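Trainee:
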Amino acid sequence: MKRSIQAIYFLSSIIGIITFSPRTLASFQGNLNIEVDGLKNQKGQVCFSLFASNKGFPDNGKSAVQARCVKLTARPERISIPNLKAGNYAVAVIHDTNNDGVLNKNVLGIPTEGFGFSNNPAIRTGPPKFGDSAVLVAGSSTNIQIQLQYFLGR
Numbered sequence: 067m068k069r070s071i072q073a074i075y076f077l078s079s080i081i082g083i084i085t086f087s088p089r090t091l092a093s094f095q096g097n098l099n100i101e102v103d104g105l106k107n108q109k110g111q112v113c114f115s116l117f118a119s120n121k122g123f124p125d126n127g128k129s130a131v132q133a134r135c136v137k138l139t140a141r142p143e144r145i146s147i148p149n150l151k152a153g154n155y156a157v158a159v160i161h162d163t164n165n166d167g168v169l170n171k172n173v174l175g176i177p178t179e180g181f182g183f184s185n186n187p188a189i190r191t192g193p194p195k196f197g198d199s200a201v202l203v204a205g206s207s208t209n210i211q212i213q214l215q216y217f218l219g220r
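The sequence shown begins at 67 in this note's numbering and counts up one residue at a time.
#1: So, Leu150 versus Gly197, is the Cβ gap smaller than 8 Å?
#2: Less than 8 Å separating the beta-carbons of Tyr98 and Tyr155?
#3: For Lys128, name the three-state secondary structure that DSSP assigns.
#4: Which first and last residues belong to the alpha helix (DSSP H) in which Phe196 is found?
#5: Going by the CB atoms, is the gap between Lys137 and Gln111 shorter than 8 Å?
#6: Nearest to Asn165 by alpha carbon, out of Lys171, Ala118, Ile147 and Cys135?
#7: Just to confirm the assignment, what range does the beta strand (DSSP E) spanning Ile176 have?
#8: So, is Glu179 buried or exposed, given that buried needs 16 or more other C-beta atoms within 10 angstroms?
#9: Does Ala130 pass the burial test, meaning 16 or more other C-beta atoms within 10 Å, or should it be called exposed?
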């Protein structure tokens with residue numbers, strides 16, 4: 067009986083190594099589905115930036131793996147990002163009410179448009195770090211929800 071259990075553990079570990087080898091993970095592609103909740107209104111568009119590392123996160127779109135804006139069509143707004151390699155990603159979203167593609171701020175640097183991040187981290191004195199917002203894309207479909215926050219106006 068003891069040998070049977072040991073054999074099962076051994077075979078399971080070998081199967082695990084084969085199944086999750088770097089070659090397998092490198093070829094894996096999955097979808098990231100984002101639900102954006104908390105829109106104050108249907109004005110403008112929702113813009114998102116997807117980052118695969120802390121470089122540029124959350125506000126340097128040039129460092130993003132993917133960035134785009136979509137016209138508001140429904141509440142909650144849903145965005146799908148297909149064919150992502152397995153790994154950790156962080157998403158920054160803004161409710162761009164004036165269609166200029168940036169998060170507008172007042173003279174004190176406080177956002178005047180809605181914004182949010184994957185994992186919905188607490189926002190205190192500045193934007194979150196990549197690690198606080200990172201989500202693992204490892205299945206065929208990963209679903210996340212981002213709750214927008216509005217500090218001022220619109």
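Using N, Cα and C, we set each Cβ at its ideal position, and we do this for glycine too.
Computed from a prediction, not measured in an experiment: that's the story for all the values here.
Mentor: Based on what the coordinates show:
#1: Within the sequence shown, numbered from 1, the residue matching residue 150 stands at position 84. Within the sequence shown, numbered from 1, the residue matching residue 197 stands at position 131. Taking C-beta atoms as the reference points, Leu150 and Gly197 fail to come closer than 8 Å.
#2: Residue 98 sits at position 32 when you count from the first residue of the sequence shown. Residue 155 sits at position 89 when you count from the first residue of the sequence shown. In the sequence as presented, Tyr is not what sits at residue 98; that position holds Leu. Closer than 8 Å, so yes.
#3: As a working mapping, residue 128 is identified with position 62 in the sequence shown. Correct three-state label for Lys128: helix.
#4: Sequence index remark: in the sequence shown, residue 196 carries index 130 (1-based). Note, Phe196: alpha helix (DSSP H), Phe196 to Ser199.
#5: Numbered from 1 along the sequence shown, position 45 holds the residue referred to as residue 111. Numbered from 1 along the sequence shown, position 71 holds the residue referred to as residue 137. Yes, Cβ-Cβ distance for Gln111 and Lys137 is below 8 Å.
#6: For this step, residue 165 is matched to residue 99 along the sequence shown. Of the candidates Lys171, Ala118, Ile147 and Cys135, the one whose C-alpha sits nearest the C-alpha of Asn165 is Cys135.
#7: Residue 176 sits at position 110 when you count from the first residue of the sequence shown. Boundaries for Ile176: no beta strand (DSSP E) harbours it, and the DSSP string shows neither H nor E there.
#8: As a working note, residue 179 is residue 113 in the sequence shown. Here Glu179 is buried. Its C-beta has 16 or more other C-beta atoms within 10 Å.
#9: Within the sequence shown, the letter at position 64 stands for residue 130. Buried is the call here.
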